[in-house]
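Notes to accompany the following structure.
Residue numbers (UniProt numbering): 1 to 174.
Below, the structure written as structure tokens:
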């Protein structure tokens, strides 16, 4: 079996780079590439935006992660504030990095890439805390985050109109 060498790079925020990330997202999570691309472009303009991508030695994308500084007035921050207590909001959101997306191509899973991307994204972050959300039933993601000292803050977060798809809000002290 051939050994694959992976290289982590800052996310390329050029049009071509963002399209490549959107295609990866669509392959991993499904959904419309164009809708994700529009959201990603908006997120790159947020304060504290940081993204990294992992590539194979032949420059094929293997995965990516990104996030940004959580700020009042942001759509998702508002959703989080609606379900967190004032004390939780103060503790977790006042000086916070929102870990927005993590995606690893199916063929590269099981090699520790998700953990490398998550750790790389948070390295040198100048925030006190980080938050993320994932589906309650996404047990592999939850195990990954728990192994990295993330803890559940709220286990019944409904960011979409579907009441049968609850998410968990997880937090990590940095």
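Every residue gets a Cβ at the ideal spot worked out from N, C-alpha and C, and that includes glycine.
Three-state secondary structure (DSSP) at residue i?
{"i": "residue 157", "result": "strand"}
{"i": "residue 14", "result": "coil"}
{"i": "residue 167", "result": "strand"}
{"i": "residue 1", "result": "Below a pLDDT of 50, predicted positions are generally treated as unreliable, and residue 1, at 48, falls in that range; no measurement from the model is reported."}
{"i": "residue 9", "result": "strand"}
{"i": "residue 85", "result": "coil"}
{"i": "residue 113", "result": "helix"}
{"i": "residue 44", "result": "helix"}
{"i": "residue 93", "result": "helix"}
Which first and last residues belong to the alpha helix (DSSP H) in which residue i is found?
{"i": "residue 97", "result": "Where residue 97 is concerned, there is no enclosing alpha helix (DSSP H), although the beta strand (DSSP E) it sits in stretches over 96-104."}
{"i": "residue 142", "result": "139-147"}
{"i": "residue 72", "result": "It is not in any alpha helix (DSSP H) - residue 72 carries neither H nor E in the DSSP assignment."}
For the beta strand (DSSP E) containing residue i, name the first residue and the last one.
{"i": "residue 62", "result": "61-69"}
{"i": "residue 51", "result": "50-56"}
What is the rounded straight-line gap between the Cα of residue i and the Cα of residue j?
{"i": "residue 60", "j": "residue 48", "result": "27 Å"}
{"i": "residue 174", "j": "residue 3", "result": "33 Å"}
{"i": "residue 130", "j": "residue 93", "result": "8 Å"}
Inspect the beta-carbon positions of residue i and residue j and report whether they are closer than 8 Å.
{"i": "residue 134", "j": "residue 141", "result": "yes"}
{"i": "residue 52", "j": "residue 95", "result": "no"}
{"i": "residue 197", "j": "residue 67", "result": "Here the chain has residues from 1 to 174 only, and residue 197 is not among them."}
### Query
Is the stretch 72-82 touching the stretch 105-117 in the sense that three or more CB pairs, one from each, lie closer than 8 Å?
Because the criterion of three Cβ pairs below 8 Å is not met, the stretch 105-117 and the stretch 72-82 do not touch.
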